[in-house]
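Engineer:
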Amino acid sequence: MRRWLVLLSFICVLTAGAAAYALVKANESNSEAADKDRLVLLERSIDRRTAELDRRLSRTGTEIDNQEARLRRAGEESDVAKLDRRLRRVENDTTDAVEAAADAGKGLVRIERRLAALSREVRRLK
């Protein structure tokens, strides 16, 4: 009987060892599967973030191009505004010159009339 007890004890120890070994292996395989799942999730997350960064970089590049174009146009608009102001000054000067010429013409007409009146007065006095 003692032999059978030793044999059964030995079989129980072997069975417990095999069960422990199976649990460790199962845990390792679960751990590996979980690690693989985590790795897949991390790769997907990295892919999404990389795509988002690419989109933002593209938008930023487009915005920079738009700002550069606006700055170029602003310089051109500034030149156009300067030319417009100069043109207005020339138009105003031209208008003033035309008005002055008209006033001078009226003044000449008055002088001619006055001269004619004086000439008639001189003839009458002779």
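Residue numbers are given in the numbering used here: position 54 of the sequence shown equals residue 55, and the series is strictly consecutive.
Just so you know, even glycine gets a beta-carbon here, dropped at the ideal spot from N, CA and C.
Asp-38 to Arg-45, Cα distance in whole Å?
Structural biologist: As a working note, residue 38 is residue 37 in the sequence shown. As a working note, residue 45 is residue 44 in the sequence shown. Cα to Cα, the separation comes out at about 11 Å.
Engineer: If you draw a straight line from the C-alpha of Glu-92 to the C-alpha of Val-110, how long is it?
Structural biologist: As a first step, residue 92 is located in the sequence shown; it is residue number 91 there, counting from the start. As a first step, residue 110 is located in the sequence shown; it is residue number 109 there, counting from the start. Looking at the two C-alpha atoms, the distance is approximately 27 Å.
Engineer: Work out the CA separation of Asp-104 and Arg-1 for me, nearest whole Å.
Structural biologist: What is shown of the chain runs 2 to 127, which leaves residue 1 out entirely.
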